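Residue numbers (UniProt numbering): 1 to 143.
Backbone N, C-alpha and C define an ideal beta-carbon position, used for all residues, glycine too.
The structure displayed is predicted, hence computed values, not measured ones.
Let me begin by presenting the structure, written as structure tokens, before commenting on it.
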């Protein structure tokens, strides 16, 4: 069975979390291209391909890993903008955050996220989470 590439956009402002995702991907051989945006505005530019310095994320087979607590544009604001854009509204998003607030969870699910994951506190748990997510992506038939 041929595994098809999934283009992953990580929208995360915390450099330690970015490093943990990269290290976890490497440890469990997740080879999908990983694009990085440090806030929602940058992510929207990359997705809309109207970028200057940022590489654009290919239009097909996209998945967004989204932090909620970010400068310039929060994750919820990003989701609202994403869902209101006819070209981007169907992009799957998995929230990965430290926020355990019911209000954030409800808002995220109301904006059609594919999942809401609390950031693991240890690297080993981070690796387990990324492994599980990768298995899920492989099982899902993404257009």
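Straight-line gap, residue i to residue j (C-alpha atoms, nearest Å)
i           : j           : result
residue 139 : residue 36  : 24 Å
residue 51  : residue 43  : Because residue 51 carries a pLDDT of 47, less than 50, the predicted location of this residue cannot be relied on, and no value is offered for it.
residue 133 : residue 82  : 21 Å
residue 12  : residue 66  : 7 Å
residue 68  : residue 21  : 16 Å
residue 64  : residue 122 : 22 Å
residue 107 : residue 76  : 7 Å
residue 34  : residue 23  : 12 Å
Limits of the unbroken beta strand (DSSP E) element including residue i
i           : result
residue 133 : Note, residue 133: premise wrong, no beta strand (DSSP E); alpha helix (DSSP H) at 123-139.
residue 93  : 93-97
residue 66  : 62-66
residue 111 : Unbroken run through residue 111: none, as it is neither H nor E.
residue 118 : 115-118
Per-residue burial, residue i [other beta carbons within 10 Å of its own, 16 or more giving buried]
i           : result
residue 84  : exposed
residue 19  : exposed
residue 126 : buried
residue 102 : exposed
residue 16  : exposed
Continuous alpha helix (DSSP H) stretch holding residue i: start and end
i          : result
residue 8  : Looking at the DSSP string, residue 8 is not in any alpha helix (DSSP H); the run it does join, the beta strand (DSSP E), is 7-11.
residue 82 : 75-84
Beta-carbon spacing of residue i, residue j below 8 Å
i          : j          : result
residue 86 : residue 39 : no
residue 57 : residue 73 : no
- Return the chain-ordered ranges of every beta strand (DSSP E) run that is complete within the stretch 26-59 and spans a minimum of 3 residues. 34-37, all fully within the stretch 26-59.
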